[in-house]
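Numbering-wise (my numbering), the sequence shown opens with residue 1 and increments by one.
By construction, the Cβ of each residue, glycine as well, lies at the ideal position given by its N, Cα and C atoms.
Here's the structure, in structure tokens; my notes come after.
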Amino acid sequence: MRIDGARYVVCRNEAEAEKDRADRQAIVEGLEKQLRKGDKALIGNSAYRRYLRRVRDADGPGGPAFAIDAGKLAEEARYDGIFVLRTNARVTPLQAVLRYRDLLQVEDLFRQAKAALRTRPIYHSSDAAIRGHVFCSFLALVLRKELQDRCRVAGFRPEWGDVLRDLDRLQDVEIDQGGKQISLRTPATGVAGRLFQAARVALPPNVRDDTSAA
Numbered sequence: 001m002r003i004d005g006a007r008y009v010v011c012r013n014e015a016e017a018e019k020d021r022a023d024r025q026a027i028v029e030g031l032e033k034q035l036r037k038g039d040k041a042l043i044g045n046s047a048y049r050r051y052l053r054r055v056r057d058a059d060g061p062g063g064p065a066f067a068i069d070a071g072k073l074a075e076e077a078r079y080d081g082i083f084v085l086r087t088n089a090r091v092t093p094l095q096a097v098l099r100y101r102d103l104l105q106v107e108d109l110f111r112q113a114k115a116a117l118r119t120r121p122i123y124h125s126s127d128a129a130i131r132g133h134v135f136c137s138f139l140a141l142v143l144r145k146e147l148q149d150r151c152r153v154a155g156f157r158p159e160w161g162d163v164l165r166d167l168d169r170l171q172d173v174e175i176d177q178g179g180k181q182i183s184l185r186t187p188a189t190g191v192a193g194r195l196f197q198a199a200r201v202a203l204p205p206n207v208r209d210d211t212s213a214a
């Protein structure tokens with residue numbers, strides 16, 4: 001739609017809609033418990049008050065003064081997962097949404113960069129070493145973004161904590177067996193195997209004879 005020359009695109013995110021519904025349901029369940037304790041338990045809680053309606057005056061006869069406002073719940077449910085984009089670009093609604101997601105990723109990368117490049121105290125003896133430290137931090141950020149992009153293309157969205165944990169468990173051990181240099185790779189556990197598949201990188205064999213390569 002267009003309003004005063006500006007174009008607005010109304011969008012709905014099903015995942016966010018489900019999250020909104022679940023969040024509201026959790027508040028309602030908590031509200032029901034508080035109502036059973038009495039009206040005083042609701043004082044000062046703005047999250048609760050928005051879903052209440054007054055059913056009697058405070059100085060009226062006994063019984064609860066508030067009840068859950070079903071109309072308010074239904075009204076909010078209409079907007080679950082809804083967001084509006086404003087644009088002046090000549091793009092389709094789908095392209096507008098995709099550009100918006102790209103911007104969100106850029107903002108997320110900036111936040112990550114600030115965390116990574118805020119660089120805790122760097123104890124280096126030269127400017128070159130400091131530049132190298134910052135470069136490696138930024139390179140790690142770029143590699144993370146590339147890995148996340150490849151995982152997304154493959155339809156795989158692992159938690160970053162799981163990625164770090166399972167890649168850390170992937171080890172390569174060198175042993176000397178009767179004059180032969182043997183490399184042993186630990187099993188790819190958790191999400192590690194799917195990460196390599198998504199990145200289109202082949203895992204080395206579990207056992208390798210490195211003698212000839214040496």
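In terms of residues, what are the limits of the beta strand (DSSP E) holding residue i?
i: Gln-171; result: Gln-171 -> no beta strand (DSSP E), and no H or E assigned at all.
i: Arg-208; result: 207-209
i: Leu-52; result: 52-54
For my contact list, residue i and residue j are in at a C-beta cut-off of 8 Å; report their separation, rounded to the angstrom.
i: Arg-7; j: Thr-92; result: Not confirmed; about 11 Å, so no contact.
i: Thr-186; j: Leu-164; result: Contact flag wrong, Cβ pair sits at about 16 Å.
i: Leu-73; j: Tyr-100; result: Not really, about 29 Å apart at Cβ, beyond 8 Å.
i: Ala-140; j: Ala-198; result: Wrong, their Cβ atoms sit about 18 Å apart, outside the cutoff.
i: Arg-194; j: Phe-156; result: 5 Å
i: Leu-85; j: Val-9; result: 4 Å
i: Ile-68; j: Leu-104; result: The pair is not a contact, with the Cβ atoms about 34 Å apart (cut-off 8 Å).
Where does residue i fall in DSSP's three states?
i: Leu-85; result: strand
i: Val-153; result: helix
i: Val-10; result: strand
i: Ala-188; result: coil
i: Ala-67; result: strand
i: Arg-200; result: coil
i: Arg-78; result: coil
i: Arg-90; result: coil
Give the range of the alpha helix (DSSP H) segment to which residue i is assigned.
i: Leu-184; result: First-last for Leu-184: 180-185, but that is the beta strand (DSSP E), not the alpha helix (DSSP H).
**Prompt:** How do the stretch 146-153 and the stretch 168-186 stand: do at least 3 beta-carbon pairs fall below 8 Å, yes or no?
**Reply:** Contact between the stretch 146-153 and the stretch 168-186 is absent, because fewer than three Cβ pairs lie under 8 Å.
**Prompt:** Would you say the stretch 5-24 touches the stretch 67-84, given that touching needs at least three Cβ pairs under 8 Å?
**Reply:** In short, these stretches touch, since the Cβ pair count reaches three.
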